[in-house]
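In this text, residue positions in the sequence shown follow my numbering: the first is 6, and each later residue adds one. To keep things clear, I will list the structure first and then write my remarks on it.
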Amino acid sequence: MREKQIRVAVIGATGSVGASALDICAKFPDRFKVTALAAKSNAQKLHELAQKFSPKTLCLTEPQDSNFNLGSYKCIFGKSGLLEIATDPEVDHVVFASSGTAAIKALQEALKADKDVSLANKESIVVAGPWVMPLVRRKDQLRPVDSEHSAIWQCLREDPARDIQEICLTASGGPFRSHTKEQMRAVKAADALKHPVWDMGAKVTIDSSTLMNKGIECIEAAQLFGLPQERVSAVVHPVSQAHGMVLFRDGTLKMLVSPADMRYPCAAALAWPDRLDLISAGMPYFRPQDTNLSFTEIDEERFPCFQIATEAGRRGGAYPALLIGADEAAVDAFLKDEIPYLAIAQVIEEVFAKRQGSAPESLDEAIALVDEGKRAAERACMNWRNHF
Ligand code: NDP
Ligand code: MG
């Protein structure tokens, strides 16, 4: 047994990535002690998890029932509850696996409090990169969990940033990889929710099918690894065996291969610098002869969301935050069958075209831009419904 267990808090514990992180903690109880769990409103699921992991603290940021009390645990509420967890002296490592922007300030506080951080939440970096990245105090304090970024981070284990020529993310291509534009016109939510490889939450599954997710991830990667947007690219790799790669200036290409399962990047981030014995724990793995490493270019004509997102990254300023808000509202409208699939890109383009005003100067302004993007996209969706 290790000398000291790592005391882990999971924000977004009731979600898909939260489940992966908690599964790793459950498989290695000698190493990890779950001390705090947080979610938005799913009290029942949080209670089930609490019974399994016996944490000290539970937090719901938006409890449905104001008498939220889950027995003998310390129960706290609201975004201030997330701040309390992120700075708790009895927490060593905070996993940020919530969706949306609610945990950005808690992420800042966790970094300031010198916690190790596993970060799955893309919004924190795309919207707030300029206010989060400068708070990273030491190498490997911030450990990416998004699988592509984890892959690149792991490829860069010993290499200095100056040796990076380019980084490249892989995209499975989603369920419509081989669809014509005409076929995409008829796509419904149920079709887009069937991801061929990954099992994820609804919003990120739709974003994967439009390749918006890959575009957002390219912005995330540029921020995380301190590179200009032009040096971050993506390729289609349908089997999702390789997740990310780094081309070094000496012409060497390094890539990381692992099964398409979020428990692998969670394990890498939680246990760093050690590697957990996942093979002995019964998890699948690839031997070289099992791999099929072929890559093709992204077709930006059929997947305009990829280009819209990377362009937003290149323009910087207000655009990344607007993109996050506008995409969220457009995907939501599509899931409710209020706009057609191909309108997701058009709605976001309309929001960008109408945008006036300057770049955010503070984190609060950046977060406000997410809301502005959301509202502008909701209006664009409404127009869509009235005119088509
Ligand atoms: P899910 O929708 O499955 O889960 C979201 C989680 O966040 C739930 O626990 C939810 O709580 C919680 N949450 C939402 N809003 C708040 C809030 N205001 N305060 C506190 N908790 C909140 O999402 P995923 O697990 O799919 O994704 C989580 C994040 O990770 C996203 O940013 C996503 O982009 C990113 N990501 C996801 C991947 C995946 O494989 N799913 C891969 C890589 C990155 P409740 O249940 O109470 O609503
Ligand atoms: Mg990803």
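In this text, a Cβ means the ideal position worked out from N, Cα and C, and glycines have one as well. Bear in mind the structure is a predicted one, so any value in this text is a computation, not a measurement.
Residue i and residue j closer than 8 Å at C-beta
i, j, result
"T92", "P60", "no"
"F101", "I16", "yes"
"V22", "V150", "yes"
"F339", "I353", "no"
"A48", "A18", "no"
"V395", "A371", "Past the boundaries of the shown model lies residue 395; the chain is included only from 6 to 393, so the question cannot be answered."
"G134", "Q228", "yes"
"G105", "E89", "no"
"L54", "L65", "no"
"S25", "C271", "yes"
"A265", "A335", "no"
"R142", "L124", "no"
"R12", "E95", "yes"
"E305", "R236", "no"
"V122", "A14", "no"
"K110", "K84", "yes"
"Y346", "V209", "no"
"F33", "L281", "yes"
"E153", "E67", "no"
"A31", "S155", "no"
"Q234", "T315", "yes"
Nearest residue (CA-CA) to residue i, options the options
i, options, result
"D97", "P34, A118, A373 and I344", "A118"
"Q4", "T301, R142, E95 and L328", "Only positions 6 to 393 of the chain appear in this structure, which leaves residue 4 out of reach."
"R320", "I224, I169, R162 and L174", "I224"
"C173", "L51, F300, C271 and G206", "F300"
"T215", "V137, K38, E89 and S177", "S177"
"V356", "V22, A373, I372 and E377", "E377"
"M260", "R268, H248, R254 and Y269", "H248"
"S238", "A226, V244, Q246 and A207", "A226"
"R360", "D196, V262, N297 and R380", "R380"
"H207", "L229, E333 and Y324", "Residue identity check: residue 207 is Ala in the sequence provided, not His. A207 has its Cα closest to that of E333, out of L229, E333 and Y324."
"I211", "D337, E67 and T62", "D337"
"V240", "V251, A331 and L232", "V251"
"S245", "I157, G179 and C80", "G179"
"C80", "S46, S103, A111 and S104", "S46"
"P243", "M189, R236, T185 and E302", "E302"
"C386", "K341, E316 and E366", "K341"
"L161", "R384, D204 and F253", "F253"
"N218", "T175, R390 and M189", "T175"
"A373", "A107, K57 and H184", "A107"
"Q294", "V262, A331 and E316", "V262"
Enclosing alpha helix (DSSP H) for residue i [first to last residue]
i, result
"M250", "M250 -> not in any alpha helix (DSSP H); beta strand (DSSP E) instead, spanning A247 to F253."
"A197", "A194 to A197"
"V141", "It is not in any alpha helix (DSSP H) - V141 carries neither H nor E in the DSSP assignment."
"D332", "Y324 to L340"
"H98", "Note, H98: premise wrong, no alpha helix (DSSP H); beta strand (DSSP E) at H98 to F101."
"L54", "A48 to F58"
"L27", "S21 to K32"
"K208", "A207 to T215"
"S315", "In the sequence as presented, Ser is not what sits at residue 315; that position holds Thr. It spans P309 to R320 - the alpha helix (DSSP H) in which T315 sits, taken as one unbroken run."
"A111", "I109 to K117"
"K359", "A348 to K359"
"K186", "K186 to R190"
"S123", "Premise fails: S123 lies in the beta strand (DSSP E), D121 to L124, not in any alpha helix (DSSP H)."
The beta strand (DSSP E) enclosing residue i, as first and last residue numbers
i, result
"F82", "K79 to F82"
"I16", "I11 to I16"
"M392", "The question names Met, but residue 392 in the sequence shown is His. H392 -> not in any beta strand (DSSP E); alpha helix (DSSP H) instead, spanning L368 to H392."
"R280", "Element bounds for R280: n/a, residue is neither H nor E."
"V240", "V237 to V241"
"A176", "I169 to A176"
"P149", "L147 to P149"
"V395", "Given that the chain is displayed from residue 6 to residue 393, the structure contains no residue 395 and the question cannot be resolved."
Distance cut-off 7 Å: residue i Cβ against heavy atoms of the ligand NDP
i, result
"M387", "no"
"D151", "yes"
"G3", "No information on residue 3 is available, as it lies outside the stretch 6 to 393 that the chain covers here."
"I16", "yes"
"M267", "yes"
"W203", "yes"
"V209", "yes"
"N297", "no"
"A273", "no"
"S245", "no"
"E370", "no"
"V137", "no"
"T185", "no"
"A194", "no"
"T427", "Given that the chain is displayed from residue 6 to residue 393, the structure contains no residue 427 and the question cannot be resolved."
"S155", "no"
"N391", "no"
beta-carbon residue i near the ligand HEM non-hydrogen atom, thresh 7 Å
i, result
"T19", "Questions concerning the ligand HEM fall outside what the structure shown contains, since the ligands it does hold are the ligand NDP and the ligand MG."
Cβ-heavy atom distance, residue i to the ligand MG, below 7 Å
i, result
"E222", "yes"
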